[in-house]
Amino acid sequence: MARAFGAREGISQISLSPDGSRVAMIVPAGARGAALMIADPAKGGLPVSIMQTSGDPEKLASCQWATTERLVCRALVMTRNSNLIEGYTRLFAINADGKDFKLITARVNERSLYFHGDGGRVLDLTGDGKGNVLVARQYVPESSIDRVVQRNDEGLGVERVDLKTLQRRPVERAKRDAVEYISDGVGNVRIMGVRPIAGTGYSANEINYFYRKPESRTWEPLSKLELLGGRFRGFNPYTVDPKLNVAFGFDDYNGRQALWKVALDGSLKRDLVIANSQVDVDDLIQIGRHRRVVGASIATDVRRPQFFDPELAALSKALAKALPKQPLVSFVDASTDESKLLMFAGGDTHPGTFYLFDKQSRKLAEVLPVRADLADVPLATMKPITFPAADGTKIPGYLTLPVNSDGKNLPAIVMPHGGPSARDEWGFDWWAQFFAARGFAVLQPNFRGSAGYGSDWFADNGFKSWKTAMGDVNDAGRWLLSSGIARPGKLGVVGWSYGGYAALQSGVVDPDLYKAVIAVAPVTDLAAWKQEFFERSNYPQVLKMVGEGPHVREGSPAQNASAIRAPVLMFHGDLDMNVEIEEARLMERALRGAGKSVELVEYKGLAHSLDDSAVRADMLEKSDVFLRKSLGL
C-alpha cells in the first residue's frame, strides 16, 4: 500500500501538438528519473519514449511543442557547492522522433565574468510562426582584455531563437534590474517588470511594471506591485490579450484578490472581471498555444471555474456530468485552432485521468491515468467542514474518513498544509488518502495565515502570526476529540514544510494534545531559517516575512524542544533549497539534548518535494509504523 500511494504521478507534465494529433508527456522512469514520451491517443497504440533523464542529478521539468515536429524542453539540476545548494536550468530542443537534440541555453565561455545558473524561459511558443520561439535569458558581461569588441550586456533580456539552426536575434536588450517579460502570445513583448537592486545586491520589496502600446517601442508605466510577506498589493499582470489589447492580472477588491483587466491603449482603464466575497480569485484559465484567457477559478469548498467563453462553459459542465466521479475538469492545452482539447478530470476518490477531446466528433479519448497503481484501491471521500476556533471563528478544512467507517472513535491525524501562503483544496491527496487507507481520520485545516481567504485571514502570515495559526491547528485536534471522531489518546499531527513546522510548534504550544508528531522538511528555527537566505537576492523579503522580536524565539520549535512530550519522527532531503536539512538536524540535537524521543530519516540527493517513488514509499511505511507504535494501535 505504501508503494501504491507513494508512487509518483503517472504524468508530471503534458502538451498537445499544434495540429492536435500527438501528445508529449513526461512520465516516471525508475524511482526518480523521467522519460519523454510521444503518443497518438486518437489512433491508440503505446506511447514511444524518445529520451530519459536519471533524476540524479538531472531532472526533466517540462516539454512543449514548438511545431508539429519539434519540442522545446527544460531540464533542472540540483547540486551542492560547499554549503550552498544551487539549482541550474537548461533549455533544449528535440524532434518528436528523438533526433536533432540541440542546447538552446546560451553557453558561457572563459571570458564570462561570472556563471549564471538560469538557463532561460520560453515566453512565447509561436515566435514568428516559422519555428522560432521567444526566450527570456540572463546575459553575462564578458572581459574586454585582448578584445576589440566589448560585451557589456547584463541582466534579463529576450531573444528570438530558431530551434533548428539556433540562430539568435535580440528582441529586448538586457536590463540589469528586469525580472520579467510578458508577451502577447503572437510574438510581441508587451510588458516588462523591473525590480530595483539595492547597493547591497538584494532585491527591493517592489516590482514596477511597464507596458507598450501596439506597434510602439516606448515603455510606459503600468503598475507597482508591493511584496508584503507572501501577499501582494497592486496590480499583478499575468498575460496580454492582443485582440482586446488588455492585460489580465490580479489585484485587491474589498480585501480579496480579484481578476482585473487593464487597457494597454494609453488610458489604463481598469475593469473588474471576476470577484468573490468569500475567497480570492486565484487561478487564471488560459487555453491554446496563444494562451487565450477564457476565465478564472475560485476555491470555496470545491474549486469552481468561471468561464466567460460560453462554449467552454457549456463543455466544462457537460464533461463534468459525463464523468461523475471526476468533477474537477480543467483544460490543459489545445491545438492551434482549438478544435482539439487536452483536458484533465479528477476528484477526491479519483486521482484523475488525462483525455483528448475532439470538438467535431465529440469523442473523448483517454491518454493516461495519473495513478494507475491505485486503480483497484478503494479511496476515501473528502468532506469540506468547518470547526470553531477558541475565539469562535469558523475555520474551514477538509475531513477524510476511512472507507466504510462510521466516523467515530478513530485514530486521527491533523495535517496542516505547507506554505504558509498556501491552502488545501478538495480533491485527491495521496498523503491524506494513504493514512485514511490505514484507518486514520485526517483533518486538513485552512488555519488563519493560509492564502486564498483574503488579506484579513492571511494577516501577517503564519510565521509572524504563528500563535493564531497554531491555535487553529490545535483547535482542529480538539474538535476531532470533542466531536467523537478521534479516539481519546489516539491523535497525531503530521505536516510537510510549513506544515512540518506547525506540527512541531503545535507540540510546543500544547504538549498533551498530540501523542505523535511527524514533520517532513520542517522549518525548526526561524532565526536560522532567515540566515539560510543571506546569500540570496530575496533575503530582505524573508526577513520581512518572519520579522523580528520575541515571537521569533518563542515560535522556534528547536528553541523550545524541552516542551515537546510526544515522540517525533522527521524526514528531510539533503538537497532542499526551501529548508536546509540543518533545520531538521538542529531539531534532532535539541530534542535528544532534552531527553526526548526523536528519529530523523535523511534522504540523499533529494530536494524539498522528495520526488522519488521508493523514498516516498519508505516515508509512508515508516510513518505508519511510527504512528501505530506511538498511539498504541
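Mapping to numbering that gives the first Met the number 0: the sequence shown position 287 is 286, numbers consecutive. Just so it is clear, CB atoms sit at the ideal spot from N, CA and C, and this is done for glycine as well.
### Message
In whole angstroms, give me the CA-to-CA distance for W429 and A3.
### Response
10 Å
### Task
Can you tell me which of the three DSSP states Q359 falls into?
coil
### Query
Do the region 583-603 and the region 7-16 touch if we need at least three Cβ pairs shorter than 8 Å?
no
#### Entry: Contact check, D575 vs H607, beta carbons under 7 Å
yes
### Task
Please determine, among A583, T523, Y180 and K212, the residue with the shortest C-alpha to C-alpha distance to I206.
Y180
### Query
Does DSSP put F532 in a helix, in a strand, or in coil?
coil
### Message
So, for F570: in the same chain, excluding its five sequence neighbours on each side, which residues have a beta-carbon less than 6 Å away from its beta-carbon?
### Response
V519, V600 and M618
### Query
Does the Cβ-Cβ distance between G506 and A565 come in under 7 Å?
yes
### Task
Alpha carbon to alpha carbon, how far is S53 from P444? Give it in angstroms, no decimals.
37 Å
#### Entry: V493 versus W456 - alpha carbon distance
23 Å
### Query
Could you give the distance in angstroms between the alpha-carbon of I273 and the alpha-carbon of V280?
7 Å
### Message
Counting beta carbon pairs with one atom in the region 303-315 and one in the region 242-253, are three or more of them shorter than 8 Å?
### Response
no
### Task
Would you decide whether A485 is buried or exposed? Buried here means 16 or more other CB atoms lie within 10 Å of its CB.
buried
### Query
Is the beta carbon of S202 less than 7 Å from the beta carbon of N577?
no
### Query
Taking buried to mean at least 16 other C-beta atoms within 10 Å of its own C-beta, is V293 buried or exposed?
buried
### Message
Out of K212, G451 and Q166, which one is the CA nearest neighbour of R255?
### Response
G451
### Task
Just tell me which of M36, N131 and G44 has its CA closest to the CA of G97.
M36
### Task
Excluding the 5 residues preceding and the 5 following K174 in the sequence, name in chain order all residues of the same chain whose CB lies nearer than 8 Å to its CB.
G154, L155, G156, M191 and V193
#### Entry: Candidates K466, G470 and R120, of which the one nearest R136 by Cα
R120
### Neighbourhood of E57 by C-beta, 8 Å cutoff - its chain only, sequence neighbours within 5 removed
A74, L75 and V76
### Straight-line Cα distance separating R447 from G426
21 Å
### Task
For E582, I'd like the list of residues in its chain whose CB is within less than 7 Å of its CB, leaving aside the five on either flank, ordered along the chain.
P521, V522, T523, D524, A527 and W528
### Message
Taking the alpha carbon of S454 as the reference point, which residue from R230, R216 and E337 has its own alpha carbon closest?
### Response
R230
### Query
Mind checking whether N559 and L512 have CB atoms under 7 Å apart?
no
### Task
Assign N460 to buried or exposed, taking buried as 16 or more other Cβ atoms, counted over all protein chains shown, within 10 Å of its Cβ.
buried
### Message
Residues in the same chain with beta-carbon distance under 7 Å from G417, minus the five sequence neighbours each way, listed in chain order, please.
### Response
W495, S496, Y497 and G498
### Message
Short of 7 Å in beta carbon distance, which residues of its chain neighbour T299, apart from the five on each side in sequence? Order them along the chain.
### Response
Q277 and V278
### Query
CB-CB under 7 Å to L327, same chain, minus the five flanking residues each way: which ones, in chain order?
R302, A344, G345, G346 and G426
### Query
Leaving out five residues before and five after G287 in sequence, what residues of the same chain have Cβ atoms less than 8 Å from its Cβ?
D332, A333, S334, T335 and E337
### Query
Where are the beta strand (DSSP E) runs, 3 residues long or more, that stay fully inside the region 145-233, in chain order?
154-161, 167-174, 177-182, 188-193, 205-210, 219-227 and 230-232
### Task
Go to P309, then tell me how far its alpha helix (DSSP H) extends in each direction, as first and last residue.
P309 to A321
### Message
Below 8 Å on the Cβ atoms is my contact criterion, and I expect F625 with I517 to pass it. Report the Cβ-Cβ distance as a whole number of Å.
### Response
7 Å
### Message
Give me the residue from T399, K407 and S296 with the minimum Cα distance to F434.
### Response
T399
### Task
State the Cα-Cα distance for the pair R615 and S622, rounded to the nearest angstrom.
10 Å
### Coil, strand or helix - G470 by DSSP
helix
### Query
Is N204 closer than 7 Å to L226 when the C-beta atoms are compared?
yes
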